[in-house]
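Engineer: So that you can map any letter, position 58 of the sequence shown is 60 in the numbering used here, and since no number is skipped, the others follow by simple counting. Just so it is clear, CB atoms sit at the ideal spot from N, CA and C, and this is done for glycine as well.
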Amino acid sequence: MPKKVGATKKISTQIVPVVGMTVSVETELWSIMKKLGIVRSESYNKLGSISHWGLDWKKAIPEIKSFRSPDSLGLPAKLMDWTINDVAKTITASQAACKKVVIKNIYKRFPEKENQDKCKEYVTQLKTQAF
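(1) Leu31: buried (16+ other C-beta within 10 angstroms of its C-beta) or exposed?
(2) Who are the near neighbours of Asp83 in its chain, counting only those whose CB is closer than 6 Å to its CB and skipping five residues on each side?
(3) Less than 6 Å between C-beta atoms, sequence neighbours within five positions excluded: which residues of the same chain meet that for Ala95?
(4) Assuming Arg111 is part of the alpha helix (DSSP H), what are its boundary residues?
(5) Shortest alpha-carbon distance to Ile86 belongs to which of Lys110, Glu65, Leu75 and Val20?
(6) From this set, Lys120, His54 and Lys91, which residue's C-alpha is nearest Ile105's C-alpha?
(7) Where do the ends of the alpha helix (DSSP H) carrying Asp119 lie?
(8) Report buried or exposed for Lys129, applying the criterion of at least 16 other Cβ atoms within 10 angstroms of its Cβ.
(9) Assign Asp58 to one of three DSSP states: helix, strand, or coil.
(10) Quick one: grab the DSSP three-state call for Val21.
(11) In the structure shown, what three-state DSSP assignment does Glu28 receive?
(12) Going by the CB atoms, is the gap between Trp59 and Lys102 shorter than 8 Å?
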């Protein structure tokens with residue numbers, strides 16, 4: 003019988019319906035959403051470039067805050083940090099998926115045993131910006 007490696011965690015999100023809100027609260031929410039949209043788009047533009055390929059998502063906050071501070075948009079720092087981390091994790095996941103597809107295609111292109119060294123060399127290049 004195969005050994006269980008790890009237990010699957012069940013993740014759930016609590017959704018609370020909003021029955022009503024005042025106009026001032028609605029205006030504030032729209033304002034915050036617009037500001038977070040600016041942070042999100044600037045983060046994608048900066049971190050999504052090829053020069054940031056393979057960037058650790060934990061290092062994304064200082065990278066973005068070097069040109070955009072929370073005070074410049076009037077946002078709480080924690081909210082801005084969460085948004086930047088979310089973008090960085092999404093980009094990291096997308097890059098990992100791209101690498102997986104490229105590696106699969108490399109091994110399909112060079113299937114013979116004698117090409118294994120060439121495949122390994124190309125796969126190692128994926129870890130750098132040499133590609």
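Structural biologist: On the basis of the coordinates in this document:
(1) What you label residue 31 is simply residue 29 of the sequence shown in a count that begins at 1. Classification for Leu31: exposed.
(2) Within the sequence shown, residue 83 is the residue found at index 81, counting from 1. Cβ within range, chain order: Ile63.
(3) Within the sequence shown, residue 95 is the residue found at index 93, counting from 1. For Ala95, where only same-chain residues beyond five positions count, there are no Cβ hits under 6 Å.
(4) Within the sequence shown, the letter at position 109 stands for residue 111. From DSSP, the alpha helix (DSSP H) with Arg111 extends over Ala79 to Arg111.
(5) The sequence position of residue 86 within the sequence shown is 84, counting from 1. Selected option, being the one with the closest Cα: Glu65.
(6) In the sequence shown, counting from the first residue as 1, residue 105 sits at position 103. If we check each option's Cα against that of Ile105, Lys120 comes out closest.
(7) Indexing the sequence shown from 1 puts residue 119 at position 117. Residues Gln118 to Leu128.
(8) Residue mapping note: residue 129 aligns to position 127 of the sequence shown, counting from 1. The residue is exposed, with fewer than 16 neighbouring Cβ atoms inside 10 Å.
(9) As a working note, residue 58 is residue 56 in the sequence shown. Three-state result, Asp58: coil.
(10) Mapped onto the sequence shown, residue 21 falls at position 19. If DSSP states are grouped into helix, strand and coil, Val21 belongs with coil.
(11) Stepping through the sequence shown from its first residue, residue 28 is reached at position 26. Reduced to three states, the DSSP call for Glu28 is helix.
(12) Here residue 102 refers to the residue found at position 100 when the sequence shown is read from its first residue. Here residue 59 refers to the residue found at position 57 when the sequence shown is read from its first residue. No.
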